[in-house]
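Numbering (my numbering), first residue to last: 94 to 266.
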Amino acid sequence: MAVHAGVIPALVELLRGRLTWVEQRVAVRALGHLATYAATFPAVASHGEILELSMQLAMSSLEIVYTHFYQYVDRRLSYHCDLLTRGMGGVEMESRKAEEWASQLQCWSLQLINCFAFKPEFLPTICKPEFLVKLPGMWGGLVNENSPAGIGLLRTICHHKLGRAQLLAVLEL
């Protein structure tokens, strides 16, 4: 099993941005997959910074991809371009795929956060006003029918009394 092999600390390093946004995308996807299973969720949750990092990624994924890839065509890393287009395509294709991957980065971050949102002990972290205010505008993954997107995560948060109270407090601001 991947958890017993020690994959989670390596994924956390990638999630922190040790390399680039492309690797962050891979890490958040893998951690989200592990977090969906009752047997592996505790191992993911035991790394406290995963939730905070995924919240930061959800809020800033579009900006990260824009500033580190999309904005400067002449500064794009060739291996990113090759990954995005599989070696077939120019700047327009790279840009279109980068937009898609940015959306996936946000989508998969929201899915990971959603796994934590089902557990009441993580709601104080998730229900920070600076995150809740931005959550309704997080549309990442709407093309993926299985993605909760920002609205789906809000729905999960509302299953808990604390979540509803925090949302009400933010709405009153």
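C-beta atoms are modelled at their ideal positions from N, C-alpha and C, and glycine is treated no differently.
Check, Outcome
"Whole-number beta carbon distance between L228 and L216, since they are thought to touch under 8 Å", "About 13 Å; that fails the 8 Å criterion."
"Anticipated Cβ contact below 8 Å, W194 with V121, distance rounded", "That pair is no contact at about 12 Å."
"Assigned secondary structure, T218 (DSSP; H/G/I helix, E/B strand, else coil)", "helix"
"Between the CA atoms of E192 and E142 - distance to the nearest angstrom", "26 Å"
"Secondary structure of R122, DSSP reduced to three states", "helix"
"Where C251 sits in the DSSP three-state scheme", "coil"
"Distance between beta carbons of L203 and G243, contact taken as under 8 Å", "6 Å"
"Rounded C-alpha distance that separates E116 from H252", "32 Å"
"G230 versus A151: straight-line alpha-carbon distance, rounded", "11 Å"
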